[in-house]
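The structure appears below as structure tokens.
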Ligand code: SF4
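Residue numbers (our numbering): 375 to 805.
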């Protein structure tokens, strides 16, 4: 429906390729409780028992321990659980043992096959693999990564929505999803949603950039300028977008080494690079002793230069160059085209002209606000990513129809509200 409406709008000239667009995301809260790990363990057994009790009550009554009916009868709530760490760990082990017992009985040769087909029992099996293990005849809670806990992107956060993931971003933690919205922002056209997508909460914004461009290209709506924040940008994607005649506009980061944050330190820009001969000169005028190409841990191509211990050990400015106790300085760079592009952009993005141009991105915050406050985008009405994606797609369609209506009827765009106090503030006042 979203695509059909968008296609009509494009055919009628309400939105055009080659214009300006902007993208942002927002968190979306799943239609389930956010569970602490101990709650998750107890609630997962409870959900499985509830399903078994409904499907095969006689089978369950034939063997279920009496204490299970009180332990898993009411919902498992944090405020009823112990606070002391040792008691919590002990209770986690009890939950673990109960879950394993139910799974063993479900997979016994004599168990009714229907049992293993119950989704809640399968979810118990999956969550138990992630949360518990057995060794030396005991059940153990996987408390840390060293115990084999999977990464957050794989961790099931609720037995009632297996697509939802838990994430903490800055100060906000939530269980659920992330919604991506792109909109056109040309002055002489209505601002319409051109892309909408739903992903798990753990998905990083940067992963969506190539998907947005692929979809916009397929819809013949690729913009000439695409405004995004730093979470979406990378040198690879800027170059790839240029191949599609799109200028990806957003702040690139200053690098994630300590040398990038210390103005006195020697970051990679302090080294003179000869790309033709793959050699480098350090700030003290010494040449590298080794260079080579390879990949980082994510498989991205990198170029590395290593300097000599003979020069680095007695170097008078060593503290500004490396924190290594004994090793010589190594410099790792992106491939030449990406490296030079980032240097150029870092210089450009501090200018007033760049900031004036980048100001076009800010309006997308208003679109997210409209989607959240007027259309309830941030609250899942359903469980599971597929249904949540349908909700978001229909929401985007409704926003487009509402905006077209407002445009045709000459309704002005909302302006950012300025408080009475801010309006009174002298122009020269500082916060
Ligand atoms: S520490 Fe090594 S690489 Fe760094 S400036 Fe000194 S000699 Fe050059």
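Note that the Cβ used here is the ideal one computed from N, Cα and C, for glycine as well.
- In terms of CA proximity to residue 625, 580 leads the group 580, 639, 448, 456.
- Remark: C-beta atoms of residue 397 and residue 556 approach each other more closely than 8 Å.
- Residue 681 has its Cβ nearer than 7 Å to a heavy atom of ligand 1.
- Inter-segment contact for the stretch 671-688 and the stretch 706-714 is present: three or more beta-carbon pairs are separated by less than 8 Å.
- Annotated three-state conformation of residue 796 is helix, per DSSP.
- Annotation for residue 563 indicates a beta carbon at 7 Å or more from all heavy atoms of ligand 1.
- Secondary structure remark: continuous alpha helix (DSSP H) runs of at least 4 residues inside the stretch 704-730, in chain order: 710-722.
- Per DSSP, the unbroken alpha helix (DSSP H) holding residue 497 starts and ends at 493-505.
- Taking all protein chains in view, the Cβ of residue 541 is crowded by 16 or more other Cβ atoms within 10 Å, so the residue is classified as buried.
- Less than 8 Å separates the beta-carbon of residue 414 from that of residue 532.
- Beta bridge pairing from DSSP links residue 543 with 546.
- Excluding the 5 residues flanking it on each side, residue 702 has same chain C-beta neighbours closer than 7 Å at 680, 681, 682, 683, 686, in chain order.
- Taking 7 Å as the cut-off, one finds at least one heavy atom of ligand 1 near enough to the beta carbon of residue 657.
- Residue pairing from DSSP places residue 599 in a beta bridge opposite 394, 621.
- Beta-bridge partners of residue 509 (DSSP): 512.
- The residue among 737, 377, 463, 751 with its C-alpha nearest the C-alpha of residue 787 is 737.
- The alpha-carbon of residue 722 is positioned some 59 Å away from that of residue 474.
- Taking each of 704, 390, 554, 427 in turn and checking the Cα distance to residue 656, the smallest one comes out for 704.
- A heavy atom of ligand 1 is found nearer than 7 Å to the CB of residue 702.
- Runs of beta strand (DSSP E) with 3 or more residues, each lying fully within the stretch 614-669, are found at 621-623, 646-648, 653-655, 664-669, listed in chain order.
- The three-state reading of DSSP puts residue 696 in coil, since its state is none of H, G, I, E or B.
- Set against 7 Å, the gap from the CB of residue 696 to the closest heavy atom of ligand 1 is smaller.
- In this structure, ligand 1 has a non-hydrogen atom nearer than 7 Å to the beta-carbon of residue 692.
- The shortest C-alpha to C-alpha distance from residue 765 to any of 777, 776, 493, 751 is the one to 751.
- Its chain contains 396, 601 as the residues whose beta carbon lies nearer than 6 Å to that of residue 735, once the 5 sequence neighbours on both sides are disregarded; these appear in chain order.
- Judged by pairs of C-beta atoms under 8 Å, the stretch 556-574 does not touch the stretch 789-800, as fewer than three such pairs exist.
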